[in-house]
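Going line by line, the protein sequences match chains C and F.
Counting along the first sequence from 1, when you hit position 231 you're at 231 in the UniProt record's numbering, and nothing is skipped either side.
Counting along the second sequence from 1, when you hit position 114 you're at 114 in the UniProt record's numbering, and nothing is skipped either side.
Protein chains: 2
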Amino acid sequence: MNPLTVLKIGGNVIDNPTALTRFLTLFSTLAGDRLLVHGGGKVATEVARKLGVETTMVDGRRITDKAMLDVVTMVYGGLVNKQIVSQLQVLDCNAIGLTGADAGVIKAQKRPVTTIDYGFVGDIIEIDSGRIQSFTRENMVPVFAPLTFAETGDLLNTNADTLASAIAVDMIFHNDVTLVYCFEKKGVLANPDDESSVIGQLTPAQYADHKTAGTVNKGMIPKLDNAFAALSAGVKRVIICHADEVPAALSGTAGTTLTL
Amino acid sequence: MNPLTVLKIGGNVIDNPTALTRFLTLFSTLAGDRLLVHGGGKVATEVARKLGVETTMVDGRRITDKAMLDVVTMVYGGLVNKQIVSQLQVLDCNAIGLTGADAGVIKAQKRPVTTIDYGFVGDIIEIDSGRIQSFTRENMVPVFAPLTFAETGDLLNTNADTLASAIAVDMIFHNDVTLVYCFEKKGVLANPDDESSVIGQLTPAQYADHKTAGTVNKGMIPKLDNAFAALSAGVKRVIICHADEVPAALSGTAGTTLTL
Numbered sequence: 001m002n003p004l005t006v007l008k009i010g011g012n013v014i015d016n017p018t019a020l021t022r023f024l025t026l027f028s029t030l031a032g033d034r035l036l037v038h039g040g041g042k043v044a045t046e047v048a049r050k051l052g053v054e055t056t057m058v059d060g061r062r063i064t065d066k067a068m069l070d071v072v073t074m075v076y077g078g079l080v081n082k083q084i085v086s087q088l089q090v091l092d093c094n095a096i097g098l099t100g101a102d103a104g105v106i107k108a109q110k111r112p113v114t115t116i117d118y119g120f121v122g123d124i125i126e127i128d129s130g131r132i133q134s135f136t137r138e139n140m141v142p143v144f145a146p147l148t149f150a151e152t153g154d155l156l157n158t159n160a161d162t163l164a165s166a167i168a169v170d171m172i173f174h175n176d177v178t179l180v181y182c183f184e185k186k187g188v189l190a191n192p193d194d195e196s197s198v199i200g201q202l203t204p205a206q207y208a209d210h211k212t213a214g215t216v217n218k219g220m221i222p223k224l225d226n227a228f229a230a231l232s233a234g235v236k237r238v239i240i241c242h243a244d245e246v247p248a249a250l251s252g253t254a255g256t257t258l259t260l
Numbered sequence: 001m002n003p004l005t006v007l008k009i010g011g012n013v014i015d016n017p018t019a020l021t022r023f024l025t026l027f028s029t030l031a032g033d034r035l036l037v038h039g040g041g042k043v044a045t046e047v048a049r050k051l052g053v054e055t056t057m058v059d060g061r062r063i064t065d066k067a068m069l070d071v072v073t074m075v076y077g078g079l080v081n082k083q084i085v086s087q088l089q090v091l092d093c094n095a096i097g098l099t100g101a102d103a104g105v106i107k108a109q110k111r112p113v114t115t116i117d118y119g120f121v122g123d124i125i126e127i128d129s130g131r132i133q134s135f136t137r138e139n140m141v142p143v144f145a146p147l148t149f150a151e152t153g154d155l156l157n158t159n160a161d162t163l164a165s166a167i168a169v170d171m172i173f174h175n176d177v178t179l180v181y182c183f184e185k186k187g188v189l190a191n192p193d194d195e196s197s198v199i200g201q202l203t204p205a206q207y208a209d210h211k212t213a214g215t216v217n218k219g220m221i222p223k224l225d226n227a228f229a230a231l232s233a234g235v236k237r238v239i240i241c242h243a244d245e246v247p248a249a250l251s252g253t254a255g256t257t258l259t260l
């Protein structure tokens, strides 16, 4: 099957215009079919503050009331997404910005209220992988904002790591998929204080050991859980690397490659 | 050739959630290929005010400095566009939200500074009508925000009436095109104070007479200029009607139809 690379960039890259341009320049040179999933960054929090909308985080997740949903729709779906798309267009990369609502590609349901009411937060229930493939087949490069939609017509805020993993998993019916989580570190580190201690290959057993030892910290755990879940579900390769080292990581000389 | 209906809705519909839902419900039931161009509405002005960005209008056009460009990118490209798309999805209309940057469909250039510097305002230079047709052919309904992009990578604010007219004109190479401007009046009125005085058919000579008589007011002139220009350029039908009367206007029993 045709290879497809699914890349995810997070807030640390988005918040730094120089780092973002550097990443997008690398992204535009990658060979073959690819798509990008981006997170939010601090702009949403800043816009919310100026608009008088209070930001509440629980366990690193944003509580999304109606006012905050409007803010993330503006910032993720409008500002961040369209700035990435227009930068990529100038780099001769035919990007098309999408939320889950566009062409109905990613349906979700509002997360049920248990002990915490996350508000307008979506858990993915269906991805139209055929439609996504039709974009790549027609030489477009989908750029996803972390927004899905429910059959009620509500847009829903969805974690970008989870979204990238879910898209990668659904695309295995059409492509040999590589999933790359790009962030501000050089990979999974054996010693969190030493950027040169990148673990080249990580198995589930080693991951368990690192969790026990406390080497893998809180923010990395949901990322690695998503990453190993994608690998178990049939994604061919999962890589965690620095946003500046994507080509090297894809050729196996940088970052952390997960193995089963 | 296959018929295509290009509809434009403006701020008055967008600012009124009930009117917008009523329009989108009608829009979703229209037969055949169609696409929607939406304007901005007062939300952008309101968001700008809360963010401390000053709104300057000259001759009814917004002056778009960098801060205002970010606001319209958020509001037009994010909030308004995605709310329309998600409402249409629920109505079983497979909408896809687009700015000119997405898939590179509408290139523009920053308007040259003469006596007035409009800032980040775009004059359209190229429309990829083949790409737009490929969306409709794959059963998607493009929903355009009034944003284009320049080869510098800048998004540009573009008047929605002009955008709708330009798209309609470029689509004549692929479709028999009908262009419909929907607004809050029942059509072009012979007497501006009398909603029952709709002019059923309007020729350029009659338009000239109404301008001389002052019956056609300031805001209507650029709209009608765009409309007649589209007709002269090969658009089959141009209609101006109330947003609630689109089906009747398309069947010839409401609104104003322009003729040459």
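We treat Cβ as the ideally placed atom computed from N, Cα and C, and that holds for glycine.
Quick check on DSSP: helix, strand or coil for C/Asn-94?
For the purposes of this step, residue 94 of chain C is taken as the residue at position 94 of the first sequence. Residue state, collapsed to three classes: coil.
My output table needs one value for F/Thr-25: the three-state DSSP class, helix, strand or coil.
Within the second sequence, residue 25 of chain F is the residue found at index 25, counting from 1. Of the three classes helix, strand and coil, the one that applies to F/Thr-25 here is helix, per DSSP.
By the DSSP assignment, the beta strand (DSSP E) with F/Met-57 in it spans what residues?
Taking the second sequence and counting its residues from 1, the one referred to as residue 57 of chain F is at position 57. First-last of the beta strand (DSSP E) with F/Met-57: 56-58.
Using only the alpha-carbon positions, how far apart do F/Phe-228 and F/Thr-162 sit?
Residue mapping note: residue 228 of chain F aligns to position 228 of the second sequence, counting from 1. Residue mapping note: residue 162 of chain F aligns to position 162 of the second sequence, counting from 1. The straight-line gap from Cα to Cα measures roughly 12 Å.
Classify F/Lys-8 as buried or exposed, calling it buried when 16 or more other Cβ atoms lie within 10 Å of its own Cβ.
As a working mapping, residue 8 of chain F is identified with position 8 in the second sequence. Buried is the call here.
Cβ-Cβ separation, C/Ile-221 to C/Ile-167 (assumed contact under 8 Å), whole Å
The sequence position of residue 167 of chain C within the first sequence is 167, counting from 1. The sequence position of residue 221 of chain C within the first sequence is 221, counting from 1. Wrong, their Cβ atoms sit about 21 Å apart, outside the cutoff.
C/Gln-201: buried (16+ other C-beta within 10 angstroms of its C-beta) or exposed?
Position 201 of the first sequence, counting from 1, holds the residue named residue 201 of chain C. Under this definition C/Gln-201 is an exposed residue.
Can you find at least 3 beta carbon pairs, one from the segment 175-195 of chain F and one from the segment 252-259 of chain F, that sit closer than 8 Å?
yes
Are the segment 69-76 of chain F and the segment 92-100 of chain C touching, with three or more C-beta to C-beta distances below 8 Å?
no
According to DSSP, what are the bridge partners of C/Leu-147?
If you number the first sequence from 1, residue 147 of chain C lands on position 147. BP columns for C/Leu-147 point to C/Asn-157.
Do we get a CB-CB distance below 9 Å when we pair F/Val-75 with the residues of chain C?
What you label residue 75 of chain F is simply residue 75 of the second sequence in a count that begins at 1. Taking Cβ atoms only, chain C reaches closer than 9 Å to F/Val-75, which makes this a yes.
Own chain partners of C/Val-75 with C-beta closer than 7 Å, once the 5 adjacent residues on each side are dropped:
The sequence position of residue 75 of chain C within the first sequence is 75, counting from 1. Correct list, in chain order: Gly-40, Val-43, Ala-44 and Val-47.
Applying the 10 Å Cβ sphere with the 16-neighbour rule, what's the burial state of F/Leu-155?
Taking the second sequence and counting its residues from 1, one reaches residue 155 of chain F at position 155. It counts as buried.
With distance defined between alpha-carbon atoms, name the residue in F/Thr-212, F/Ala-145 and F/Asp-176 nearest to C/Leu-79.
Locating residue 79 of chain C in the first sequence gives position 79, counting from the first residue. Minimum Cα distance to C/Leu-79 is reached at F/Ala-145.
For C/Val-43, the residue or residues it bridges with in DSSP:
Mapped onto the first sequence, residue 43 of chain C falls at position 43. DSSP lists no partner for C/Val-43.
From this set, C/His-242, C/Asn-159, C/Pro-112 and C/Tyr-207, which residue's C-alpha is nearest C/Ser-196's C-alpha?
By 1-based counting over the first sequence, the position of residue 196 of chain C is 196. That would be C/His-242, whose Cα lies nearest to the Cα of C/Ser-196.
For the segment 27-56 of chain C, which residues have a CB atom closer than 8 Å to at least one CB atom of chain F, in sequence order?
Val-47, Lys-50, Leu-51 and Gly-52
Beta-carbon proximity list for C/Ser-129, same chain, < 7 Å, skipping 5 on both sides
Locating residue 129 of chain C in the first sequence gives position 129, where the first residue counts as 1. The residues are Asp-170, Met-171, Phe-173 and His-174.
First and last residue of the uninterrupted alpha helix (DSSP H) at C/Leu-231
One-based indexing of the first sequence puts residue 231 of chain C at position 231. It spans 220-232 - the alpha helix (DSSP H) in which C/Leu-231 sits, taken as one unbroken run.
Comparing the C-beta of C/Lys-110 with each C-beta of chain F, is any distance below 9 Å?
On the first sequence, residue 110 of chain C is found 110 positions in, with the first residue counted as 1. For C/Lys-110, the answer is no, since every Cβ of chain F falls outside 9 Å of its Cβ.
Would you list the one or two residues that DSSP bridges to residue 263 of chain F?
Coverage of chain F is limited to positions 1 through 260, which leaves residue 263 of chain F absent and any answer about it impossible.
For residue 267 of chain F, does the three-state DSSP call read helix, strand or coil?
Past the edges of chain F, shown from 1 to 260, lies residue 267 of chain F, and the structure says nothing about it.
On a Cα-Cα basis, can you pick out the residue from C/Ala-190, C/Phe-135 and C/Asn-217 that is closest to C/Leu-4?
Translated into positions along the first sequence, residue 4 of chain C becomes position 4. Comparing Cα-Cα distances from C/Leu-4 to each of C/Ala-190, C/Phe-135 and C/Asn-217, the minimum goes to C/Phe-135.
In whole angstroms, give me the CA-to-CA distance for C/Ser-165 and C/Ala-249.
Against the first sequence, residue 165 of chain C aligns to sequence position 165. Against the first sequence, residue 249 of chain C aligns to sequence position 249. Computed Cα separation, rounded: 18 Å.
If I follow the unbroken beta strand (DSSP E) through C/Ile-125, where does it start and stop?
Taking the first sequence and counting its residues from 1, the one referred to as residue 125 of chain C is at position 125. First-last of the beta strand (DSSP E) with C/Ile-125: 122-127.
Tell me which same chain residues have a C-beta within less than 8 Å of the C-beta of F/Glu-245, skipping the five on either side of it?
Mapped onto the second sequence, residue 245 of chain F falls at position 245. Cβ neighbours of F/Glu-245 beyond the five flanking positions: Lys-186, Ala-254 and Gly-255.
Mind checking F/Pro-17: buried by the 16 CB within 10 Å criterion, or exposed?
Here residue 17 of chain F refers to the residue found at position 17 of the second sequence. With fewer than 16 Cβ atoms within 10 Å of its Cβ, F/Pro-17 is classed as exposed.
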